[in-house]
Structures are given as structure tokens and as C-alpha cells.
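If you read the sequence shown in full-length UniProt numbering, its first letter stands for residue 1, the second for the next number, and so on.
Ideal Cβ placement from N, Cα and C applies to all residues, glycine included.
Note that the structure is a prediction, hence the values are computed from the model and not measured.
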Amino acid sequence: MFKGFTRFLQRPGERLKNLFGSQDGPGEPPGLRVIPRDQHSVSRRLFSEPALKVLYRLHNAGYEAYLVGGCIRDSLLGRQPKDFDVATDATPEEVRELFRNSRIIGRRFRIVHVRFGREVIEVTTFRGKPNEDHGEHLSQQSDHGLLLRDNVWGDVEEDALRRDFTVNALYYNIADFSIHDWADGVSDIESRTLRMIGDPATRYREDPVRMLRAIRFAAKLDFDFAAATEAPIREMAPLLLQIPPARLFDEVLKLFLAGHALTTFRLLRDYDLFAMLFPEADEALAELPWAEALIERALANTDARIQQDRPVTPAFLFAALLWPGVVQRQARLQEDGMPPVPALQAAAQQAVSRQLQHISIPKRFSLPMREIWDLQQRLPQRRGRRAIQTREHPRFRAAYDFLLLREEAGEIPPGLGDWWTAFQEGDEHDQQRLLGKAVSQGDEPRPRKRRPRKRRRRSGGAGGDQNG
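Now the structure itself:
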């Protein structure tokens with residue numbers, strides 16, 4: 001067999017295909033292939049200590065225990081694994097008994113979260129294929145094939161073949177440190193192919209979010225879709241409208257906060273999925289020449305910050321994604337005679353209300369997003385102390401960055417961003433000079449309105465002003 005598994009994967013050619021065969025269509029998976037410890041490079045040193053604790057406690061209690069999915073896939077690709085998911089034959093209740101620091105979550109899919117400080121290890125029980133003997137409390141599908149509940153337990157093989165992609169059906173066995181490849185995922189890793197297990201159309205109907213996962217993995221791993229996996233996506237994109245907005249919010253964060261947001265955005269648009277998530281933004285992209293540039297620059301900046309380990313906030317991300325639609329609404333309201341400030345506030349409210357029908361945005365993000373938008377009308381106003389007050393606003397820095405994006409994208413003419421850059425970096429003398437320059441360029445202070453003087457009544461004493 002082969003040694004030095006990482007080097008093996010990095011070498012082009014058909015070596016793995018010759019060893020393991022190939023799988024051109026969806027078809028039936030070829031069956032289990034066990035890769036012993038001395039024939040792969042995945043080491044326990046790559047895994048977090050909490051993940052190992054969960055594995056060993058389950059194993060020592062007599063249960064099967066595997067690390068599964070992305071952490072094994074990424075390890076084989078030479079990437080540092082981050083999320084550690086455990087699969088076991090222990091039921092959620094049995095896992096809960098073993099770990100006091102755990103809780104059972106979910107109704108649709110019951111899983112266990114084992115918490116170690118800030119790290120959470122997700123533990124799932126092997127899932128099996130439902131049949132007519134299982135009641136709706138265990139397994140339930142809609143008339144369109146959507147899985148509403150899936151809590152039928154099975155064995156490891158059934159569990160593997162119910163996973164989404166072949167590259168995620170890889171199991172690291174803590175008992176002997178071997179890798180169990182149930183769906184020829186190793187070959188697909190070598191050829192950098194993303195392939196759905198089973199019939200893709202059926203699997204997408206079971207859970208339309210799998211289409212978003214396909215996009216996310218393709219962007220993250222730089223994989224190509226297998227033809228059968230790719231073919232149904234555009235036609236089945238509207239199935240995402242069945243998914244609860246709260247769940248789609250979590251999926252959107254995974255899509256855009258993984259360091260590959262720009263590639264993800266382009267793939268979502270190419271496969272007609274973006275319109276299902278952000279319908280108003282998609283409509284604006286077709287009409288506003290600067291909208292695509294603004295969103296792409298925002299996503300590129302997000303990717304750069306993540307790569308530099310700098311903080312990012314969903315509030316800024318959503319502000320950029322929804323802004324083109326807000327601008328369109330504001331323009332229509334102003335055409336109807338509404339002044340700019342109330343028009344912006346009304347447009348923002350309308351745009352957010354429509355968006356919440358597709359993706360829930362918690363108030364901890366929607367409120368800062370609205371403040372970023374509101375400040376876009378305050379930034380041009382630099383009379384008197386207004387510039388100082390604007391700079392002291394808690395959302396000033398985000399609003400300033402957003403202003404620069406708007407200038408770069410061509411929505412507004414350049415110049416104001418340079419002024420605010422200089423104002424932040426200058427000393428008191430520089431700031432006074434800049435304020436004077438703003439006045440000379442037309443940001444004139446409004447003349448003070450003088451209050452009319454009240455005429456004082458003359459008092460004529462006790463007798464008043466009497467005649468005669």
C-alpha cells in the first residue's frame with residue numbers, strides 16, 4: 001500500500017483512482033475502505049484536547065466513537081482542522097449521562113453539545129434509514145420530500161451513507177486510529193471533486209440547505225462539482241424558500257464569514273441561489289451599476305480581515321448587502337416628495353421588513369446596521385461641532401469605512417472620504433483648517449435666527465397710566 005499520505009495526495013495523476021476505482025455518477029457508493037494508521041498522515045496531534053476527551057470517554061464506556069466529516073477532510077488536505085464533530089452509537093441520552101457539561105438540542109435532528117469553556121464538541125448518534133415502522137415522532141417528511149424530523153438511529157454504515165458529500169463520509173476511528181472511507185471520498189479529495197452521496201435531486205429536496213453547503217465547500221476547498229451534483233441546483237434553488245429564516249441566518253454567516261465570501265457570493269449568483277437569500281439586493285444588482293462593486297469590495301474586505309485575524313461584524317456585512325435596495329427605495333420615496341432623512345428611514349424599515357421574510361437578522365446586528373446607514377447622511381454635514389459629534393458616534397468608524405466603500409464603488413463622487421481621513425489623523429489645528437475648508441466648499445454654517453425681542457411693558461405704578 002502507500003505511505004506518506006499527504007505527499008501522496010499532493011501528487012497528480014490517477015494513483016488513487018487506480019487503487020480505489022472511480023465514481024462518475026451519483027450511483028451507489030462503492031463500500032467501506034479502511035486506511036490503517038501507518039498509511040495516512042492524520043495525527044491526533046491535529047485534534048483539540050476536548051475532542052479527544054469526548055472520543056476516549058465514549059470508547060472507554062464501550063461505545064463506538066469516530067471523528068467525522070470536515071476535520072478529517074481538512075486534515076487530509078493539509079489544512080488545520082477547526083470544528084470537531086463526533087459520531088457514535090450512543091444515544092443522545094447515553095451521551096448526556098457520560099458528560100455533565102452537555103445538553104441535548106434540536107427537535108428536527110437531536111444532537112448533543114458537549115461544552116469545554118468556549119469550545120463545543122458536537123456529538124451525533126448514528127442515523128439510519130427510516131421505514132414505515134417509524135412514527136412521525138422519529139421521522140417525518142413533507143409532501144415535497146423535505147425532511148421535517150430525522151431521529152432514526154442506525155449503524156455507522158447507514159450513518160455514513162446519509163451524509164451529504166463523499167468527502168464528508170470519512171471517519172477517524174479512535175479504537176485503532178484508522179480512517180474509514182465509506183463513499184470513495186479519498187478519491188474525490190485527490191481529484192478535488194465535490195460529489196453528493198445518492199441522487200442529488202432527492203437529497204436537495206430532503207434538505208435544500210445542502211445546496212448552500214455545496215457552494216460553501218466549493219468556495220472553501222476550491223473544488224469542482226461533479227456533473228450530477230451540479231445539474232439540479234439552479235432549477236431547485238427556490239426550494240430554499242421553504243427553510244425557516246432563522247436557520248438561513250446561521251447558514252449565511254457560515255457562507256460569508258469563513259474567509260471566502262467573495263468567491264461564495266459569485267457562486268451563489270451563478271447558481272441563482274443569491275436571489276433566494278437576498279431578493280431585493282439581487283433586483284438592485286440588475287439596475288444599479290455600482291451595486292455589484294460595492295458588495296464585492298465589502299466581501300473582499302471581510303475576507304482580508306478574517307485572514308488577518310481581525311474582528312468582523314455581521315452588521316457591516318448586512319449593511320453592504322442590503323444597501324442597494326435601500327437606495328432604490330429612498331429614491332422612489334423622494335420622488336414622491338418625501339424629504340431625504342425621513343425617506344432614508346422609511347426605506348430602511350421597508351427593506352429590512354422584506355429581508356426578514358427570508359433571513360432573520362437579530363436586533364444586535366440590525367440596529368448597528370441601521371446606524372451605519374443613518375450616518376451616511378450625517379457625514380457630509382460638517383458645520384460647527386457636527387464633525388466632532390459625528391466622529392464621537394459609536395458607529396462612526398464603521399460608517400466611515402462604509403463611506404469609503406461607496407466612493408470606491410462609484411455610488412458617490414470621491415472627496416468626502418479623504419476629508420474624514422485627514423480629520424481623524426490631524427491635530428486640533430489641522431481639524432480647524434479642515435472645518436474651514438469644508439465651509440469654503442459649501443458646507444456653510446446656517447445663519448442664526450434672531451429671536452424677536454419682546455417689548456417690555458411699562459409699569460405706571462399703583463394707579464397705572466390714568467388720565468384725568
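Within the chosen definition, does the region 378-390 reach the region 407-424 through at least 3 CB pairs nearer than 8 Å?
A contact exists between the region 378-390 and the region 407-424.
Quick check on DSSP: helix, strand or coil for M196?
M196: strand per DSSP, three-state reduction.
I need the boundaries of the alpha helix (DSSP H) containing A65, first residue and last residue.
Where A65 is concerned, there is no enclosing alpha helix (DSSP H), although the beta strand (DSSP E) it sits in stretches over A65 to V68.
Relative to the alpha-carbon of S43, which residue among R73, L161 and D155 has its alpha-carbon at the smallest distance?
Nearest of R73, L161 and D155 to S43, Cα basis: R73.
Per DSSP, what kind of secondary structure is residue 482 in: helix, strand or coil?
For residue 482 there is no data in the structure shown, the boundaries of the chain being 1 and 468.
Buried or exposed for P289, please, with buried defined as at least 16 other CB atoms from any protein chain shown within 10 angstroms of its CB.
Classification of P289: exposed, given that the 10 Å Cβ count is below 16.
Whole angstroms is fine: what's the gap from A286's alpha carbon to E411's?
Looking at the two C-alpha atoms, the distance is approximately 15 Å.
At what residues does the alpha helix (DSSP H) containing T91 begin and finish?
Element bounds for T91: n/a, residue is neither H nor E.
How many Å lie between P245 and A281 at the Cα?
Taking the straight line from one Cα to the other gives about 16 Å.
Could you check if E190 is buried or exposed, using at least 16 other CB atoms within 10 Å of its CB as the buried criterion?
By the neighbour-count rule (16 or more Cβ atoms within 10 Å), E190 is buried.
Please identify the residue among A261, G185, R162 and V252 whose C-alpha is closest to the C-alpha of I361.
Comparing Cα-Cα distances from I361 to each of A261, G185, R162 and V252, the minimum goes to V252.
From the DSSP secondary-structure annotation, give me the bridge partner or partners of H113.
According to DSSP, H113 bridges with R103 and E122.
When the Cα of L239 is compared with those of T263, W323, M276 and A300, which residue comes out closest?
Looking at the Cα atoms, M276 is the closest of the given residues.
In whole angstroms, what is the alpha-carbon distance linking residue 469 and S102?
In the structure displayed, the chain extends from 1 to 468; residue 469 sits before or after that span and is not available.
Is the separation between the beta-carbon of A343 and that of Q355 shorter than 7 Å?
No, the Cβ-Cβ distance between A343 and Q355 is not below 7 Å.
For R33, report the span of its beta strand (DSSP E) as first-last.
Taken as a continuous stretch (DSSP letters only), the beta strand (DSSP E) holding R33 covers R33 to I35.
With distances taken from CA atoms, which of R213, V123, F109 and R100 is nearest L52?
Minimum Cα distance to L52 is reached at V123.
Give a yes or no on contact between the region 86-100 and the region 57-72, applying the rule of three or more CB pairs nearer than 8 Å.
Taking 8 Å as the limit for Cβ pairs, the verdict is that the region 57-72 does touch the region 86-100.
Taking three-plus beta-carbon pairs below 8 Å as touching, is the region 191-202 in contact with the region 173-181?
They do not touch, by the three-pair rule.
When we look at the beta-carbon of G464 and count the other beta-carbons within 10 Å, is it buried (16 or more) or exposed?
Unreliable placement is indicated for G464, whose pLDDT of 42 sits below 50; the coordinate value is still reported in the next sentence. The residue is exposed, with fewer than 16 neighbouring Cβ atoms inside 10 Å.
By DSSP, does F316 sit in helix, in strand, or in coil?
The answer is helix: DSSP assigns F316 an H, G or I state.
Can you name the residues that DSSP bridges to I72?
According to DSSP, I72 bridges with nothing at all.
When the distance is taken between beta carbons, is A398 closer than 7 Å to F265?
Their beta carbons are not under 7 Å apart, which means F265 does not touch A398 by this criterion.
With distances taken between CB atoms, is the gap from E408 to R297 smaller than 7 Å?
For E408 and R297, yes; Cβs fall inside 7 Å.
If distances are taken between C-alpha atoms only, which option among T166, P200, R203 and T202 comes closest to G185?
The candidate whose alpha carbon is nearest that of G185 is T166.
Give the secondary structure of L170 by DSSP, where H, G and I count as helix, E and B as strand, and everything else as coil.
Three-state result, L170: strand.
Pick out whichever of P394, W182 and W373 has its Cα sitting closest to the Cα of E158.
Of the candidates P394, W182 and W373, the one whose C-alpha sits nearest the C-alpha of E158 is W182.
Please report the straight-line C-alpha distance between F402 and R310, rounded to a whole angstrom.
Their backbone Cα atoms lie some 17 Å apart in a straight line.
Could you give the distance in angstroms between the alpha-carbon of F223 and the alpha-carbon of R192?
Their Cα atoms are separated by approximately 5 Å.
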